[in-house]
Structures are given as C-alpha cells and as structure tokens.
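Engineer:
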C-alpha cells in the first residue's frame, strides 16, 4: 500500500483517510505538495523531466476530477492539516450539530423520555448535518471555477495549464524516442552477432565480412521486418 500523496509504502494500520472534499478545499486554498515544508515528494515526481509547476498543475487537475477519498501516511496527513484552512472542519460540524440538538432539546423538553432515545436523536441529527455539509461541498465542486489560489485570472490559469500540457507532451515524446533508440540498438546488436547487415537484416557477403563492414553499401534505413 502506498501513500496517495508522497507515494511511499505504508501499512493499512498507518493509513489516514482524508475526505475528498477536504483535499479539494485544501488545494483550492493554495496547498501545493511541492512547496510545502515537511513533504518529501521525490517518490511521486517521476523521472524529474517536468518542472515542479507542471507537476503541480497536472496533480491539481487530477485532484479536482477525483472521486475517491485519499489515504495518506501519518506524516503527510499531519502536514496537510497544518497547511489546510479546513483542518478543523470535522470539529466544526460536531459543534454545530451539538448546538442544533441542544437547542431542540430546550425547545421540546418533553419529546425524549430516555437517555437512549435522546442519544439516537442526536446521532440522526449529526448524520443529517454531515450529509448536508457533504452535499454543499459537492455542489460547490460543480459550480466553482477550478482556479488555484496562486493564479489571479482565468487567462493566467489557462496559460499555465497549456505550459503543463506542453511539458507533459515533451516528456512523453522524449521517453518514446529513448525507447525507440534502445529498440533499434538491440536489433542492430543481434544482427551484428549473426553476421547480418545491421540495417536490412540480410546476410553480408564474404568480402563485406572480411573488410569489417557491418552493413551493405546501399543500406541506409533500418528495416525491422527482416529481423531473424
């Protein structure tokens, strides 16, 4: 099991669940893992071909489109809640629920005849408040413009996303190029060991082999179909 933020291994007993709405709100308020003291993002940064800004923008869009809660290691969870403006939201909901329930108890003193009945009523009230809070954040997710706090205008945000997409594309193309070069080198090495032309894969003539040539005089393009 890996931490959803720093990508380091953790056990199921260590995992701290962060509600999705809390993660999204923290990110909207400016939480950036690559700029937050106490977070080591080296395991989540890949090969390092992208800038921290591009990695953050890709990660920001991933968070905004995510549909599941986050499982963090204790260190990341603590750092997130220190940096987040919503770290006390759960306590706030509980206080609001208690105030709501206590008010109704004072208004209807004769409605509950036993302590168990009163506790069940408080539990239902708390569940109702939590559900309303979750629905409010879900509605806010749909209506609020997805703009990080570090960007002041939509144009600035769109330009940043464009730069991130270009960097992602460049990194992908670079990886593909390296893979193709490695593949071609492997093909040519096998052909050379078999005494074949490293370009077309056909047998070299006697004089070509004696003179140490690795390819036919007229072969200039690698042909993969003739690999044997």
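In the working numbering, the protein residues as written are -16 to 211. Just so it is clear, CB atoms sit at the ideal spot from N, CA and C, and this is done for glycine as well.
Please state the DSSP three-state secondary structure of residue 0.
Structural biologist: Within the chain shown, numbered from 1, the residue matching residue 0 stands at position 17. Correct three-state label for residue 0: strand.
Engineer: Give the straight-line distance between the Cα atoms of residue 56 and residue 106, rounded to the nearest whole angstrom.
Structural biologist: The sequence position of residue 56 within the chain shown is 73, counting from 1. The sequence position of residue 106 within the chain shown is 123, counting from 1. Straight-line Cα distance between these residues: approximately 30 Å.
Engineer: Do the stretch 18 to 29 and the stretch -13 to -3 touch if we need at least three Cβ pairs shorter than 8 Å?
Structural biologist: Yes, since at least three Cβ pairs between the stretch 18 to 29 and the stretch -13 to -3 fall closer than 8 Å, the two stretches touch.
Engineer: Give the secondary structure of residue 198 by DSSP, where H, G and I count as helix, E and B as strand, and everything else as coil.
Structural biologist: Against the chain shown, residue 198 aligns to sequence position 215. In the structure shown, residue 198 sits in coil (DSSP, three-state: anything other than H, G, I, E or B).
Engineer: Let me know if residue 181 comes out buried or exposed under the rule of 16 or more other beta-carbons within 10 Å of its beta-carbon.
Structural biologist: Working through the chain shown from its first residue, we reach residue 181 at position 198. Residue 181 should be labelled buried.
Engineer: Work out the CA separation of residue 190 and residue 148 for me, nearest whole Å.
Structural biologist: One-based indexing of the chain shown puts residue 148 at position 165. One-based indexing of the chain shown puts residue 190 at position 207. Cα-Cα distance, rounded: 53 Å.
Engineer: How is residue -5 classed by DSSP in three states: helix, strand or coil?
Structural biologist: Locating residue -5 in the chain shown gives position 12, where the first residue counts as 1. Reduced to three states, the DSSP call for residue -5 is coil.
Engineer: Name the one or two DSSP bridge partners that residue 186 has.
Structural biologist: Along the chain shown, read from residue 1 onward, the residue named residue 186 stands at position 203. Residue 186 is bridged to 179.
Engineer: The alpha helix (DSSP H) with residue 17 in it runs from where to where?
Structural biologist: Counted from its first residue, the chain shown places residue 17 at position 34. That residue, residue 17, is in no alpha helix (DSSP H); it is neither H nor E in DSSP.
Engineer: Work out the CA separation of residue 144 and residue 207 for me, nearest whole Å.
Structural biologist: Taking the first residue of the chain shown as position 1, residue 207 is located at position 224. Taking the first residue of the chain shown as position 1, residue 144 is located at position 161. Between residue 207 and residue 144, the C-alpha separation is close to 39 Å.
Engineer: Taking the Cβ atom as the reference point for each residue, do residue -7 and residue 63 lie within a distance shorter than 8 Å?
Structural biologist: Locating residue -7 in the chain shown gives position 10, counting from the first residue. Locating residue 63 in the chain shown gives position 80, counting from the first residue. No. Outside cutoff.
Engineer: On a Cα-Cα basis, can you pick out the residue from 7, 3 and 36 that is closest to residue 18?
Structural biologist: On the chain shown, position 35 is the one that residue 18 refers to. The candidate whose alpha carbon is nearest that of residue 18 is 36.
Engineer: Assign residue 9 to one of two classes, buried (16 or more other C-beta atoms within 10 Å of its C-beta) or exposed (fewer than that).
Structural biologist: Taking the first residue of the chain shown as 1, we reach residue 9 at position 26. Buried.
Engineer: Taking the beta carbon of residue 167 as the centre, do at least 16 other beta carbons fall within 10 Å, making it buried, or is it exposed?
Structural biologist: To locate residue 167, count along the chain shown from 1; it is residue 184. Exposed.
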